[in-house]
Amino acid sequence: MDATKARTAANGETPVEQRLIFFNQALREAIDEEMTRDPTVFVYGEEVGVWGGSYNVTQGLLDKYGPLRVIDTPISEALIGGAAVGASITGSRPVVDFMYQDFMGIAMDQIVNQAAKNRYMFGGKNALPIVYRAAFGAGIGNAAQHTQSLEAWFTHVPGLKVVAPSNAYDAKGLLKSAIRDDNVVLFFEHKALYRERGDVPEGEYLVPLGVSDVKRAGANATIVSYARQVQFALQAAEQLASEGIDVEVIDLRTLYPLDIDPVIESVKKTNRALVVHEAVRFGGFGGEVAAQIQELGFDYLDAPVKRLGAVHAPVPFAEPLEMASFPSVESIAQGVRELMQGI
Amino acid sequence: MDATKARTAANGETPVEQRLIFFNQALREAIDEEMTRDPTVFVYGEEVGVWGGSYNVTQGLLDKYGPLRVIDTPISEALIGGAAVGASITGSRPVVDFMYQDFMGIAMDQIVNQAAKNRYMFGGKNALPIVYRAAFGAGIGNAAQHTQSLEAWFTHVPGLKVVAPSNAYDAKGLLKSAIRDDNVVLFFEHKALYRERGDVPEGEYLVPLGVSDVKRAGANATIVSYARQVQFALQAAEQLASEGIDVEVIDLRTLYPLDIDPVIESVKKTNRALVVHEAVRFGGFGGEVAAQIQELGFDYLDAPVKRLGAVHAPVPFAEPLEMASFPSVESIAQGVRELMQGI
Amino acid sequence: MAARKPKAAGKKARGASKKSKLPGKEMLEWMYRTMVRIRRFEEAADRAFQAARMRGALHFYIGEEASGTGVCAALTDSDYITSTHRGHGHCIAKGGRLDLMMAELFGKATGYCGGKGGSMHIADLDLGNLGANGIVGGGLPIATGAALGSKLRDDDNVTVCFFGDGAAPNGTFHESINFGALHDLPIVYVCENNQWGMGTHVSDTNAGPGIVTRADSYGIPGVMVDGNDVFDVFAKTTAAVKRARAGKGPSLLVCETYRHRGHTVHDQAAYRDQADVDEWMARDPIERFRKTVTTAKAMSKKKLEAIDAEVLQEVEAAVEFAASSPFPQLDTLLQGVYTDV
Amino acid sequence: MAARKPKAAGKKARGASKKSKLPGKEMLEWMYRTMVRIRRFEEAADRAFQAARMRGALHFYIGEEASGTGVCAALTDSDYITSTHRGHGHCIAKGGRLDLMMAELFGKATGYCGGKGGSMHIADLDLGNLGANGIVGGGLPIATGAALGSKLRDDDNVTVCFFGDGAAPNGTFHESINFGALHDLPIVYVCENNQWGMGTHVSDTNAGPGIVTRADSYGIPGVMVDGNDVFDVFAKTTAAVKRARAGKGPSLLVCETYRHRGHTVHDQAAYRDQADVDEWMARDPIERFRKTVTTAKAMSKKKLEAIDAEVLQEVEAAVEFAASSPFPQLDTLLQGVYTDV
Ligand SMILES: Cc1ncc(C[n+]2csc(CCOP(=O)(O)OP(=O)(O)O)c2C)c(N)n1
Ligand SMILES: Cc1ncc(C[n+]2csc(CCOP(=O)(O)OP(=O)(O)O)c2C)c(N)n1
Ligand SMILES: [Mg+2]
Ligand SMILES: [Mg+2]
């Protein structure tokens, strides 16, 4: 059960006072609290210190924790990726900022061949409490090399966990869990969410990794998504409600380990599923989700599982092209309509 | 229609004499012929020259074409990946050897952000006739960092084509097509196939990219696969035939662009599909294929599309563990049996 | 209007004119016009951005004009360059058209890339500009590959690879220069040390006695350049290009310069020391050029002003062209990913 | 049997014994035993491989024993190393157990990694061995991160990062050493230049006057080491470790050495010049050690032979242990990927 909902609907009577903060503030609080709690937690990456992180997530931390625990690095992504392995297996807990997911290709070997495999290939003894953070997603005119959604790559690599929150509340709770996790966690932050506000309670709470969340209950169709597209899905659901289509929206939150049960439970009820992500449709994570839905819920499906994702092109710069290249509230609503008609 | 079959069953009477050569010889012939045909084709990578390629694919080419067209590089994978971009857009046709697919992580940025996006983001004018070759796959005790099957990563990146042949005949014809293609082609060679022989005719022929091939016709179930697992699937099909299960085996050959039509045609007939690959099952290319099959063939399916792939672990070294970690003839046969029972 | 470089900048040996230490008149005019085109173009882009006529981000080259200009003055039209995220100046110096560039920044169909690239992704193969790059350090292997291609094809071209002080600690720097040096490739690696990479000073990202000293360990010349003096840049690039064209291999040039603005249009650059800023501002390359040529009586104030006026007009026309151009049609969305798919 | 390093190799300053230029008796014995353990272990592994008792590939360290041994002699048990694909020697020199190693090479459940790693993937965190690596150059960032961790945790450990001449042109070399130098990390980068990377000579992969000269451009000491002389390796590593431990930052040591065998067990190394091979063979580090210590009367022939015999026995026992151990159970297949999933 999601604490946001618990808070806003407590007793159905006196809702607790909200504390609306930005998504990036929520992330900052998570790191700050964990750095205070555990002296082995430290932050490094490009521009995390003086600059405060390219989206201000680490602002103020250098002043608070000093240059030994908040380290600006050169533009050396392979070093950045691999140093976390050495630091973590020897007893530190790095929270690493890659800025943009797009830059992680440079560090791919260190993440995939070194970090992800270290524990298993060396016999299962090491702990690698690493969080690799990166911004991803489209919509703000950053063009082809600063806009990708590459989470599918990482879900395919055993040894990695993959998280992608959709709101400030989850972001904080998930990041705290990620920092406390003894495994390598990829933490992906949709860049269009940083300046969205969410209700985040004061004080300590965690959102566990590997637990999907029903963000909206509904009877006629199930939308499965994560990160910013959950917000679009919720808006589409509102629109569809006025058309008499009652949509359930499930936020995966963690892509690996994948909590598919709530999705299958939902499909048993709605008999229809739409999987939505901002990543390119072809070869995207939606394929895994769709495949699992039909594997586990075949007898309940009244229509093929439908997938929405970005077109098969790099992300274009021009606004009309960029906006047409990935799912929108409207295309999601249309997707559900088609799903209802079995198209 | 596959020329191998045409040759062995010509007129059903006098089969043409076979020319059995190794998979790596077939690849060498492809490169050799294309280098002779087109002086702008050149080869570079680690150990392609004196050594002749880690699996002897480029053996003899240095002597034949000299050090300007067969270039040994240092262990500098990012340079190796990116140099192809500069060379190709200015008029050369590089055939690049990455040795192991596992090492491509180091060059991931150059392949994904530079090569794949160059044409589109610069307005669709440039040609990038690049072939990136690499060995992949498990089964020979190479352990975690030399055994991965990472093709799914590349299928997810617009701007790339992805090829993975299953036999010597296709390998030669596909590689020649890849070298003549004006786009970036990832050419993946299963390392356990290099020393398998296949019937390869003398002289010129091409196998087009983007065309799936029915390697065995059957009525009861469809196996969709590529690379070495096609061979396993064909063996499993023989086994199953003796049990009265008539299996159709489709070799995708090219993963992008994906030729799904023959798969859907097949499923219309068999009503059952099993997708098999050696890559990790979760997040693998099988998800895309399974999702497309149920999208396009939903009404014809009598059971959920089933997927087989490697377990969710790095590839272990010990033989019993490694062999148990990815699909085998036996597990494919068992998969089909389960599929027939709707499990 | 035409910004054609004088023939003198062709493949034949050239450089300082014989009479004075300054290049000839045509070249001087080209240099001045080029530097002013860069600055005015970016000032106009800045205004357009502030007026919300553009989106994304812009990385201004203002203050570094002498570097790109001096380098490209030493190149032929068929020589290649690779550029960076801060690429407007390189593109203009290599002969790029302001109207097509501005339209691209506006995301218009008439832009260099049909609106698909934006500020960080402009290329013009016809002018030998192999493209800007959103990935810091991403251009080094590409440039090296272009030079390798030239060697294979024996096309007599030289490639110039621009990159920043921030890219110098990247693995691509090392891999590329090592390879270029091993094969004596026709390439000049030009590090534009503008002292900063986002908010991090070069001294916090590059260990050792200076980026230029790395050249020694690859066995290639390392040359310090006053990146705010277009003549110094021109002379030293000319020598390096000559060497490269003669098959003697790469050089590493480090142009010491300064970005006047923040890292992007969004950045106020509060992390900088004002004294340092002032010192560098005083070395403004355009001002310096004006002073030098007027003092030497190589160009008249009138001529300079005439060029100023022409450029202003060109820039205005470019903005007008961009503003009045249509956005790309949605049916172009999937065009250009492949040649055939 | 015990291969414990003498206390003298602890954190306190040490090095050459006072009387002669040679280290003390205990250290001499440890050095000899270590080098012989490496060689005999690999010879036995080779036999087992040829007898098809192993699969995959083996990269022999034979001929390079003085390098790993001399380096590790200068380290404490809690100091860290990162190793390479050619990692048997490093593992043994850091105190690794032959039985667990051999069982791992056999892919047995009793091996260092339960059979999951194999020859290229052995680590022993208890001994500070952070692991071998199948990715050339892959260990440099990891080692640098371990040293960063030591600085943060103030644990007084030094990390030694082993890598080959073939790894030196990789981007990780540059990124790692630059970062190590920027932060004065407690690390020693040890390049084992065995002249070859697979079939490519070091002169064809590394431009410039020598890998060691790159140190200059990062502002750290670059030290040439006779990698076939365990005493030279020991002395120079000791100095570099001392410097690192004192917070003065990294050094780059280049140990000139030679691999006697082909690149892997499969390689006949036909690409080598026989005169060159002969010259290097004559510098065999174990033979040299024997000659030096017997000439100096620092160790008796009898003692050397006693150690030879003990090591042979240890190796035989290791093979026996490996051969008689069971393969891993299939239920271990998914164990160890995560701590919890
Ligand atoms: C690989 C990569 N890492 C990080 C970034 C984010 N980034 C963009 S520009 C920049 C600083 C670059 O500094 P420098 O190379 O000196 O170029 P300058 O901006 O000074 O022109 C950074 C960190 C990026 N674009 N690419
Ligand atoms: C990143 C990467 N590229 C290529 C290889 C294949 N490979 C294994 S060892 C080797 C040569 C390494 O040479 P060097 O670093 O000198 O080590 P040596 O083998 O001499 O000990 C190569 C090319 C690899 N394992 N990893
Ligand atoms: Mg800079
Ligand atoms: Mg070597």
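Chains as they are written, first to last, in this note's numbering: chain A, 854 to 1196; chain B, 854 to 1196; chain C, 13 to 353; chain D, 13 to 353. Think of the CB as a built atom: it goes at the ideal place given N, C-alpha and C, for glycine as much as any other residue.
| query | Do C:Trp208 and ligand 3 come close, with the Cβ less than 6 Å from some heavy atom? | reply | Yes, since a heavy atom of ligand 3 falls inside the 6 Å radius drawn around the Cβ of C:Trp208.
| What in chain A is Cβ-close to C:His133, meaning under 8 Å? | Neighbours of C:His133 on chain A, chain order: Ala996, Ala997, Gln998 and Phe1170.
| query | When you compare only the Cα positions, how much space is there between D:Gly143 and B:Phe1170? | reply | C-alpha separation (whole angstroms): 15 Å.
| field | chain C within 7 Å of A:Ala1177, Cβ atoms only | value | Yes, contact with chain C.
| query | Does ligand 1 have even one heavy atom less than 6 Å from the beta-carbon of C:Gly192? | reply | Not under cutoff, so the answer is no.
| task | Run the CB neighbour count on B:Gln1194, radius 10 Å, all protein chains shown included, and call it buried at 16 or more, exposed below. | result | Label assigned to B:Gln1194: exposed.
| Local Cβ density within 10 Å of B:Ile1196, reported as buried at 16 or more and exposed below that | An exposed status is given to B:Ile1196, since fewer than 16 other beta-carbon atoms sit within 10 Å of its beta-carbon.
| A:Arg1069 and A:Val1116 closer than 7 Å at C-beta | Pairing A:Arg1069 with A:Val1116 gives a Cβ-Cβ distance that is not under 7 Å.
| query | Say the cut is 6 Å; is the CB of D:Gly149 nearer than that to a heavy atom of ligand 4? | reply | Shortest gap from the CB of D:Gly149 to any heavy atom of ligand 4: 6 Å or more.
| query | Which residues in the same chain have their Cβ closer than 8 Å to the Cβ of B:Val1015, if we skip the five residues on either side of it in sequence? | reply | Glu1004, Phe1007, Thr1008, Val1038, Leu1039, Phe1041, Thr1107, Leu1108 and Tyr1109, listed in sequence order.
| query | Does the beta-carbon distance from A:Ser1078 to A:Val1158 come in below 7 Å? | reply | The criterion of a C-beta distance shorter than 7 Å is not satisfied by A:Ser1078 and A:Val1158.
| Taking the C-alpha atoms as reference points, what is the distance between B:Val1142 and B:Ile884? | One C-alpha to the other measures close to 30 Å.
| said: Let me check understanding here. Comparing Cα to Cα, which of B:Glu887, B:Leu1192 and B:Gly1150 lies closest to B:Leu914? | reply: Among B:Glu887, B:Leu1192 and B:Gly1150, the Cα nearest to that of B:Leu914 is on B:Glu887.
| query | Just by C-beta distance, which residues in the region 906 to 940 of chain B are closer than 9 Å to chain D? | reply | Residues Ser907, Asp925, Thr926, Pro927, Ile928, Ser929, Glu930, Ala931 and Leu932.
| Hey, quick one: how far does the alpha helix (DSSP H) through B:Glu899 stretch, first residue to last? | Unbroken run through B:Glu899: none, as it is neither H nor E.
| said: Please state the DSSP three-state secondary structure of A:Ser1078. | reply: Strand, per DSSP.
| field | Residues that B:Trp904 contacts on chain D, provided the C-beta gap is smaller than 8 Å | value | Within 8 Å Cβ-Cβ: Met210, Gly211, Thr212 and Tyr283.
| task | Quick one: residues in its chain with C-beta nearer than 8 Å to the C-beta of B:Ile874, no 5 flanking neighbours on either side, listed in chain order? | result | Result list for B:Ile874: Glu882, Ala1021, Arg1050, Gly1051 and Val1053, in chain order.
| Ordered along the chain, which non-local residues of its own chain (more than five positions away) have a Cβ less than 6 Å from that of D:Asn182? | So the qualifying residues of the chain are Gly149.
| said: Three or more C-beta pairs under 8 Å: does that hold for the region 165 to 173 of chain D against the region 195 to 212 of chain D? | reply: Touching, yes, given that three or more Cβ pairs across the two stretches are closer than 8 Å.
| query | At a CB-CB cut-off below 8 Å, which residues of chain B make contact with A:Val1158? | reply | Chain B residues near A:Val1158: Ala1144, Gln1147 and Glu1148.
| task | Leaving out five residues on either side along the sequence, give the residues of the same chain with a beta carbon under 6 Å from the beta carbon of A:Arg946. | result | Take A:Arg946, set aside five residues on each side of it, and the residues of its chain with a beta-carbon closer than 6 Å to its own are Thr893, Val894 and Pro982, in chain order.
| task | For C:Gly176, verify whether its CB is less than 6 Å away from any heavy atom of ligand 1. | result | C:Gly176 Cβ: within cutoff of ligand 1.
| request: Just the C-alpha distance for D:Gly107 and D:Arg300, rounded to the nearest angstrom, thanks. | output: If I take the Cα positions, the gap works out to 22 Å.
| task | Consider the Cβ of C:Lys128: report whether some Cβ of chain B lies at a distance smaller than 7 Å. | result | Judged by the 7 Å Cβ criterion, C:Lys128 is in contact with chain B.
| B:Pro947 - DSSP class collapsed to helix/strand/coil | Under the three-state reduction of DSSP output, B:Pro947 falls in the strand class.
| field | heavy atom of ligand 1 below 6 Å from C:His102 C-beta | value | Checking the Cβ of C:His102 against ligand 1 gives no.
| Can we count D:Arg98 as close to ligand 2, meaning its CB is less than 6 Å from some heavy atom? | For D:Arg98, the Cβ falls inside the 6 Å cut-off from some heavy atom of ligand 2.
| Own chain partners of D:Gly22 with C-beta closer than 8 Å, once the 5 adjacent residues on each side are dropped | With a pLDDT of only 39 at D:Gly22, under 50, the local geometry of the prediction cannot be trusted, and no value is derived from it.
| A:Ala1201 vs A:Val938 beta-carbon contact at 7 Å | Residue 1201 of chain A lies beyond the stretch modelled for chain A, which goes from 854 to 1196, so this question has no answer here.
| query | Who are the neighbours of C:Asp216 on chain A, taking C-beta pairs under 7 Å? | reply | Neighbours of C:Asp216 in chain A, taken as residues at a C-beta separation under 7 Å, are given in chain order as Asp925.
| For A:Glu1101, which three-state DSSP category applies? | Looking at A:Glu1101 - three-state DSSP - the assignment turns out to be strand.
| request: Taking only the alpha-carbon atoms, compute the straight-line gap between C:Leu210 and A:Tyr908 and give it to the nearest angstrom. | output: Looking at the sequence itself, residue 210 of chain C is Met, so the reference to Leu does not match. Each residue's Cα considered, the two are about 13 Å apart.
| message | For C:Met43, count the other beta carbons within 10 Å of its own beta carbon; 16 or more makes it buried, fewer makes it exposed. Which is it? | response | If you draw a 10 Å sphere on the C-beta of C:Met43, you find 16 or more other C-beta atoms in it, and that means buried.
| task | Can you pull the chain B residues whose beta carbon is under 8 Å from the beta carbon of C:Arg165, in chain order? | result | Under a criterion of Cβ atoms nearer than 8 Å, the residues of chain B adjacent to C:Arg165 are, in order, Thr893, Thr943, Gly944 and Ser945.
| field | Backbone CA spacing between C:Arg51 and B:Arg1033 [nearest angstrom] | value | Cα to Cα, the separation comes out at about 44 Å.
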